[in-house]
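Before any comments, here is the structure.
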Amino acid sequence: GGEKMPSEAWLQAVGGPAGWARGLLLASEEEKQQGPPSFITSTTFASMGVKPAFVANLDRQGFGLMTDIQEKSYADASAGRDVLARARTGTGKTVAFLLPTIERLQASGGE
Numbered sequence: 001g002g003e004k005m006p007s008e009a010w011l012q013a014v015g016g017p018a019g020w021a022r023g024l025l026l027a028s029e030e031e032k033q034q035g036p037p038s039f040i041t042s043t044t045f046a047s048m049g050v051k052p053a054f055v056a057n058l059d060r061q062g063f064g065l066m067t068d069i070q071e072k073s074y075a076d077a078s079a080g081r082d083v084l085a086r087a088r089t090g091t092g093k094t095v096a097f098l099l100p101t102i103e104r105l106q107a108s109g110g111e
């Protein structure tokens with residue numbers, strides 16, 4: 001079989017070929033052939049209400065789309081509710097926790 005390449009939309013969402021390349025550095029040979037990991041959703045950070053400055057920074061780092069854990073936890077975490085979640089290593093739990101925390105600190109004037 002031929003090499004499966006990521007869709008154009010996915011490439012754009014992860015920051016273009018550079019974002020895809022960063023992901024390839026961490027991927028196994030088999031994962032490289034499969035394209036986007038199954039835990040990547042089609043939900044953008046902007047569509048979930050993440051502030052534009054944060055969206056721009058995430059985009060520059062190649063994180064245009066949320067992962068499952070981020071999509072499922074963002075609304076509750078950003079509202080200040082407790083979130084108990086479990087996901088595999090490398091699926092975005094740190095961003096799922098830190099992004100709403102940093103947004104709330106910034107909104108409150110904290111540094």
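Just so we're aligned, residue 1 is where the sequence shown starts under the working numbering, counting upward by one. Backbone N, C-alpha and C fix where the C-beta goes; we use that ideal spot for every residue, glycine too. No experiment lies behind these values; they were computed from the predicted model shown.
Would residue i be called buried (16 or more neighbouring beta carbons within 10 Å of its own) or exposed?
i    : result
Q70  : buried
S73  : buried
L84  : exposed
T94  : exposed
D59  : buried
T89  : exposed
G80  : exposed
G109 : exposed
T91  : buried
Just to confirm my understanding: we take residue i, look at its own chain, exclude 5 residues before and 5 after, and list those with CB closer than 7 Å. What are they?
i   : result
I40 : L65, T67
Are residue i and residue j touching if we call contact CB-CB under 8 Å?
i    : j   : result
E103 : F45 : no
F97  : A77 : yes
L99  : V50 : yes
Between which residues of its own chain and residue i is the CB-CB distance below 6 Å, once the five residues before and five after are set aside?
i   : result
A87 : I69, K93
- Which ranges does the beta strand (DSSP E) cover as unbroken runs of at least 3 residues, wholly within the segment 39 to 68, from first to last along the chain? Counting only runs of at least 3 residues, the segment 39 to 68 fully encloses the following beta strand (DSSP E) elements, listed from N- to C-terminal order: 40 to 44, 65 to 67.
- Which ranges would you report for the beta strand (DSSP E) in the segment 80 to 109 if only whole runs of at least 3 residues count? If we require 3 residues or more, the segment 80 to 109 turns out to have no beta strand (DSSP E) run fully inside it.
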